[in-house]
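Peer 1:
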Amino acid sequence: MSNAVSAGVEDAIRARVEAALAAELARRDRTRLRVEDQGWIYQLVGRVVAEEPQLNDEQSEEIWRRVFASVTPLGPLAEHLADPEVEEVRINGTEACFIFRAGRRQAVPPPFEDEDALIELVHWYTDGTPSARLDRASPTVTMTLPEGSRLHAALSPPARPMSVTIRKHPPARFADLAALARSGFLPDAAIGLLEAAIASRLNVLISGGAGAGKTTFMRILARLIASDERVVTIEDQAELHLWRELPDCIALEGRPSNTEGRGAITIQMLIHEALRMSPDRIIIGEVRGGEALDLLDAMNTGHPGSVCTLHADSPRETLPRLVRLALRNPQAPRAEAVLGEVVHTVDLVLHAAIVRSADARRQRKLVSLGCVAGLDDGRPLLQELIALRADGRWHRVGSPAAMPERVWSKLAQVCDPARLLDGFDD
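Position 345, counted from 1, in the sequence shown is what the working numbering calls 346; the numbers after and before it change by one each time, with no gaps.
1. Just mark N57 as buried or exposed, buried being the case when its beta carbon has 16 or more other beta carbons within 10 Å.
2. Looking only at its own chain, which residues have a Cβ that is under 8 Å from the Cβ of V36, when we skip the five neighbours before and after it?
3. Can you find the residues in the same chain that come closer than 7 Å, C-beta to C-beta, to R202, ignoring five residues on each side of it along the sequence?
4. Which residues in the same chain as A79 place their Cβ atom closer than 6 Å to its Cβ, once the five residues preceding and following it in sequence are excluded?
5. Could I get the ranges of all uninterrupted alpha helix (DSSP H) runs contained in the segment 152-200, with 4 residues as the minimum, in chain order?
6. Could you have a look at T141 and say whether DSSP puts it in helix, strand or coil?
7. Leaving out five residues before and five after I221 in sequence, what residues of the same chain have Cβ atoms less than 7 Å from its Cβ?
8. Just to check, is the beta-carbon of K169 closer than 8 Å to a non-hydrogen atom of the ligand MG?
9. Can you tell me which of S150, M270, E86 puts its alpha carbon nearest to the alpha carbon of H242?
10. Among P112, L276, Q269, which has the Cα closest to the Cα of I251?
11. Excluding five sequence neighbours on each side, which residues of the same chain lie with their C-beta closer than 6 Å to the C-beta of A313?
12. Suppose the cutoff is 7 Å on Cβ atoms and the five residues either side in sequence are ignored; what does the same chain contact list for E240 look like?
13. Based on the DSSP secondary-structure assignment, which residues constitute the bridge partners of V10?
14. With a floor of 4 residues, list each alpha helix (DSSP H) that falls wholly inside the segment 257-321, ordered by position along the chain.
15. What does the Cβ neighbour count give for R420, buried or exposed, with the cut at 16 atoms within 10 Å?
16. Tell me, to the nearest whole angstrom, how far the beta carbon of D115 is from that of T95; I am working on the premise that it is less than 8 Å.
17. Can you name the residues that DSSP bridges to W395?
18. May I ask you to report which of helix, strand or coil DSSP gives A5?
19. Classify W41 as buried or exposed, calling it buried when 16 or more other Cβ atoms lie within 10 Å of its own Cβ.
20. Please report the straight-line C-alpha distance between A197 and G393, rounded to a whole angstrom.
21. Determine the DSSP secondary structure at D377, reduced to helix, strand or coil.
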């Protein structure tokens, strides 16, 4: 098909799509497109494109992307957000834009020519969300988009240039641990141990740096929770969306204070509310402060099997960081008491990281799996069981016999702990 004919077909497709959009919006009270409209608009464009039999698969895909970009406020950004291989989009003002696709960073043309258009894009996302706003009084905003992605924007100033970052967290991307293993995040041989950890109600701490895959990992582990258990999730920004998947699940979400400094809902407040909801397990998206002490208390008072994430640079740093966060709580006892509570409460530490391969690809990996095994010269002792070697292969570090008695006895209720690491090389 010639370029002229192809352009004519594309114009005709765009006209039919715009007519269908106008007809749909005419039936609504509001005439502006919303963020949640992206899904059906994308499908609409696909149906119209499919009606053109003279297009081959490659032409259909290209026209689909271009028409979709032209009829939504996302503009050229729509193509990247619709690409399932794109993990993150970073817009640095009007001069630079980068996407991460399949672990590699790629420079792409900036989607907007002026910052006003970029601000309008953020306003489109925040429209109808009272707790999310971007203006001179609130120059930064973080929010979760309907499909699960997270958006952060910062005006110029304080950011120079203006920054918009969209990190995609689609809940359907990985269905289960087997899908994570196929992606290279974890070894197949670890699946049995992780399933047993959830079934036996071990208290699990997932640590790692920003973007290491902690939230995705937590979501998939939570899907293993039995259907007869009540789960309460607690997050600053809703990303897990487990209330849509688990039969008895309540999602609690924090809220920043308003411009007058009032109305904030903290993670610590939400933990106290969660305890009044008769949960079997509490899942916290991320522990950042003094609420760490409340989480430890919850794990010790009838809510075993809880899961939370924590920013930490290494597996060894995870538990000391949890202690430091718990000590920020005004009600915290002396450091020795907090340390003792940590080592007798947290059972399993899973550490994820972004690893660069020989071809410069960024890959999210589970780099360590270990049990909390008491104290060693006043520091929490992490008994590592599985680790990622420098050559990129996982191996068994410790024997199941090295597990603390409390972890072994919990696992023994659902499996034979001695066989959980049989699939690994020493």
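Glycine residues also receive a C-beta, built at the ideal position from the N, C-alpha and C atoms.
Peer 2: In terms of the structure at hand:
1. Burial call: exposed.
2. Hits under 8 Å: W125, Y126, D128, L146, P147.
3. P305, G306, K411, listed in sequence order.
4. Closer than 6 Å at Cβ, skipping near neighbours: F69, A70, T73.
5. Those alpha helix (DSSP H) runs which fall completely within the segment 152-200 and span 4+ residues are 178-184, 192-200.
6. T141 falls in the strand class under three-state DSSP.
7. Excluding residues within five positions, the ones whose Cβ falls inside 7 Å are F175, D177, L178, L181.
8. Among the components of this structure there are no ligands whatsoever, and the ligand MG is therefore not found.
9. The shortest C-alpha separation from H242 is found at S150.
10. Distances from the CA of I251 to each of P112, L276, Q269 were compared; the closest alpha carbon is that of L276.
11. Counting only Cβ-Cβ distances below 6 Å, and skipping sequence neighbours, we find S208, T319, R322.
12. Cβ within range, chain order: T145, G149, R151, H170, T216, G286.
13. Looking at the DSSP assignment, V10 forms no beta bridge with any residue, so it has no partner.
14. The segment 257-321 contains, as complete alpha helix (DSSP H) runs of 4+ residues, the segments 268-276, 292-301 (chain order).
15. Burial call: exposed.
16. Contact holds; Cβ gap of about 6 Å.
17. According to the DSSP secondary-structure assignment, W395 is paired through a beta bridge with L389.
18. Reliability of the predicted coordinates at A5 is poor, the pLDDT of 46 falling under 50, and the value obtained from them is presented with this limitation in mind. Note: A5 maps to helix in three-state DSSP.
19. Exposed.
20. Cα-Cα distance, rounded: 25 Å.
21. DSSP places D377 in the strand class (E or B) of the three-state scheme.
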